[in-house]
Every structure is written in structure tokens, then in C-alpha cells.
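Heads up, the sequence shown is in my numbering, so the first residue is 2 and it goes up one at a time. So the structure is just underneath, and the comments pick up after that.
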Amino acid sequence: MDTASKVLVVGGVLNLAFGLLVGALLAGLRTRNPEAEHRYLLTAHKAGLQQGLMLLGLTWAAALSPLAAGAETLAAGLLAASTLFLNLAAVVNWALGVRDEFKARSPGLAVGGVSAALSVPGLAILAWGVFQGL
Numbered sequence: 002m003d004t005a006s007k008v009l010v011v012g013g014v015l016n017l018a019f020g021l022l023v024g025a026l027l028a029g030l031r032t033r034n035p036e037a038e039h040r041y042l043l044t045a046h047k048a049g050l051q052q053g054l055m056l057l058g059l060t061w062a063a064a065l066s067p068l069a070a071g072a073e074t075l076a077a078g079l080l081a082a083s084t085l086f087l088n089l090a091a092v093v094n095w096a097l098g099v100r101d102e103f104k105a106r107s108p109g110l111a112v113g114g115v116s117a118a119l120s121v122p123g124l125a126i127l128a129w130g131v132f133q134g135l
């Protein structure tokens, strides 16, 4: 398995673990107080699970890509890092009690912006490789 695929697999598994741990925390909080709102904690739970599956699925894209190993590894690293920042953004918003990150212009919104800045070039590189491999 090449380095890019390893980065995607490790990132995917870590995201799944994060999603499950946050889900356990969320279940505990909701069990104690079902009325409390935990919008961004739920977002973090779902994002971890979804991004984990996304990264694991992108190992197929890395396998199809004929790009140089360095370019593929850069793309995988950017994508894995972007998931870290997206998860962190949701946790920051939850910890600060943010109801709407856009209205509040919360620190979580800025952290989420870093995620977007990393994911777009990462996916663009990998997508270019996939189209080259077709």
C-alpha cells in the first residue's frame, strides 16, 4: 500500500474513532438531560463518521491515480488534515455554546474555514489524478 493510501486509511480510522467517542459522550449527555441542545456535538459525531468513510473510500481514488507519489501523498495529507479541522470546529462551537456559527462569527467558523482551505486543493489534486487514471 502506498503512502497516500496509508494516510487516508489512518485518517479514516481516526475519524471513525473520533465519531464513535463523541457519540458516546453525546449519548451520556442526552441521557442525563434529553432537553439540552447539543447541535454542534451531534455535528461532530456525524462528521467524524462521514469523513472517516470518505477518507477510506478515497483510498480507491489514490489507487486509480497515476500521479507522482508525492502529489498523491500531499492530497491525502491535505484531506486528512481538513477533517481534523472540521471536527475541531464542531467541538469548539459546542464547547462555546454557539447556536449559529455564522451569526456568531465564532472561532469554530474560522477553524472550519481552515478545513475548507485544505480540503479544496486536496480533493482537486486527487480528482485530477483520478481523471488522469481513467
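By construction, the Cβ of each residue, glycine as well, lies at the ideal position given by its N, Cα and C atoms.
Item	Value
Taking the continuous alpha helix (DSSP H) assigned at Leu56, which residues delimit it?	Arg40 to Leu65
Name the residue from Leu56, His46, Thr44 and Asp3 whose alpha carbon lies nearest to the alpha carbon of Gly13.	Leu56
Would you give the residue range spanned by the alpha helix (DSSP H) that Val10 belongs to?	Thr4 to Arg33
Taking Cβ positions, are Val112 and Ala90 nearer each other than 8 Å?	yes
Does the Cβ-Cβ distance between Leu127 and Gly109 come in under 8 Å?	no
Using DSSP with H/G/I as helix, E/B as strand and the rest coil, what is Glu1?	Absent from the structure is residue 1, since the part of the chain shown begins at 2 and ends at 135.
Exposed or buried, which one is Val11 when buried takes at least 16 other CB atoms within 10 Å?	exposed
By DSSP, does Glu36 sit in helix, in strand, or in coil?	coil
When the Cβ atoms of the stretch 14 to 22 are set against those of the stretch 49 to 65, are three or more pairs found closer than 8 Å?	yes
Going straight from the alpha carbon of Arg31 to that of Ala45, what length do you get?	15 Å
Going straight from the alpha carbon of Asp101 to that of Asn94, what length do you get?	9 Å
Below 8 Å between beta carbons: does that hold for Ala81 and Val8?	yes
Buried or exposed for Ala48, going by 16 or more other Cβ atoms inside 10 Å?	buried
Contact defined as beta carbons within less than 8 Å: I believe Glu73 pairs with Ser66. What is the distance between those atoms, to the nearest angstrom?	6 Å
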